[in-house]
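>
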Amino acid sequence: MTIYNLYIFDRNGVCLYYQEWMREKQPGMSQDEEFKLMYGMIFSIKSFVSRMAPVDFKDGFSSFCTSSYKLHFHETASGLKFVMNTSLNVSSIRDELQHIYSALFVEYVVRNPLCKLSQPINSQLFKTKLDSYIRGLPFFSAKVN
Numbered sequence: 001m002t003i004y005n006l007y008i009f010d011r012n013g014v015c016l017y018y019q020e021w022m023r024e025k026q027p028g029m030s031q032d033e034e035f036k037l038m039y040g041m042i043f044s045i046k047s048f049v050s051r052m053a054p055v056d057f058k059d060g061f062s063s064f065c066t067s068s069y070k071l072h073f074h075e076t077a078s079g080l081k082f083v084m085n086t087s088l089n090v091s092s093i094r095d096e097l098q099h100i101y102s103a104l105f106v107e108y109v110v111r112n113p114l115c116k117l118s119q120p121i122n123s124q125l126f127k128t129k130l131d132s133y134i135r136g137l138p139f140f141s142a143k144v145n
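Using this note's numbering, you'd call the opening residue of the sequence shown number 1 and step up by one each time.
1. Contact defined as beta carbons within less than 8 Å: I believe ASP10 pairs with LEU80. What is the distance between those atoms, to the nearest angstrom?
2. Just the C-alpha distance for PHE126 and LEU104, rounded to the nearest angstrom, thanks.
3. Using 8 Å as the threshold, is the C-beta distance between THR86 and PHE139 below it?
4. Determine the extent of the beta strand (DSSP E) in which THR86 is found, giving its start and end residues.
5. Measuring CB to CB, does TYR4 end up less than 8 Å from MET22?
6. On the three-state DSSP scale, how would you describe ILE134?
7. Who are the near neighbours of GLN98 in its chain, counting only those whose CB is closer than 8 Å to its CB and skipping five residues on each side?
8. At which residues does the beta strand (DSSP E) containing GLU20 begin and terminate?
9. Below 8 Å CB to CB, which residues in the same chain sit around SER123 once its five sequence neighbours on both sides are set aside?
10. How would you call GLU96, buried or exposed, if buried means at least 16 neighbouring beta carbons within 10 angstroms?
11. Smallest Cα separation from LEU6: which of SER78, ILE42, MET84?
12. Return the bridge partner residues of LEU71 from the DSSP annotation.
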């Protein structure tokens, strides 16, 4: 099991933070293009799920799988979007994404007077705490299975 990468988007689709851990394949496009493509895909999937769902549900989608990775999604009440790609054998990480938001993002970005919420995250403390948390998760592995 492994974690490939994490995106944090604001409500307008601006990528505030991106980090890779064990991503082997590069996308073949600029990072800005990749961010736009990822945000557009999330926006489209959210719209599709809300329109096609046979019953009304409040959570929307939380993950989807391809043949090579699993995308996990968490959206906060303020519209922040946390997107993490993992290997297929990682089960739901809703609680972990919620923890990244409430214990790390709020603590080290929102409460930091030097961080502007509409700007990319440059807090070294946030980056260090996030990396430490991710590497400590039971499904983080130094090897790709």
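In this text, a Cβ means the ideal position worked out from N, Cα and C, and glycines have one as well.
So, from the data block:
1. Reading the sequence shown from its first residue, position 10 is the one you call residue 10. Reading the sequence shown from its first residue, position 80 is the one you call residue 80. With 8 Å as the limit, ASP10 and LEU80 qualify as a contact, their Cβ atoms being about 6 Å apart.
2. For this step, residue 126 is matched to residue 126 along the sequence shown. For this step, residue 104 is matched to residue 104 along the sequence shown. About 7 Å.
3. Along the sequence shown, read from residue 1 onward, the residue named residue 86 stands at position 86. Along the sequence shown, read from residue 1 onward, the residue named residue 139 stands at position 139. Cβ distance < 8 Å, so THR86 and PHE139 count as in contact.
4. For the purposes of this step, residue 86 is identified with residue 86 of the sequence shown, where counting begins at 1. Per DSSP, THR86 belongs to the beta strand (DSSP E) from 81–86.
5. Taking the first residue of the sequence shown as 1, we reach residue 4 at position 4. Taking the first residue of the sequence shown as 1, we reach residue 22 at position 22. Cβ distance < 8 Å, so TYR4 and MET22 count as in contact.
6. Looking up residue 134 in the sequence shown gives position 134. If DSSP states are grouped into helix, strand and coil, ILE134 belongs with the helices.
7. Within the sequence shown, numbered from 1, the residue matching residue 98 stands at position 98. The residues HIS74, in chain order, have a CB closer than 8 Å to that of GLN98 in the same chain once the five nearest residues on each side in sequence are set aside.
8. Taking the first residue of the sequence shown as position 1, residue 20 is located at position 20. From DSSP, the beta strand (DSSP E) with GLU20 extends over 15–20.
9. Within the sequence shown, the letter at position 123 stands for residue 123. Same-chain partners within the cutoff: TYR108, VAL109, ASN112, LEU114, CYS115.
10. The count along the sequence shown starts at 1 and reaches residue 96 at position 96. Classification for GLU96: buried.
11. Working through the sequence shown from its first residue, we reach residue 6 at position 6. Ranking SER78, ILE42, MET84 by Cα distance to LEU6 puts MET84 first.
12. Translated into positions along the sequence shown, residue 71 becomes position 71. Answer is PHE64, ASN85, bridged to LEU71.
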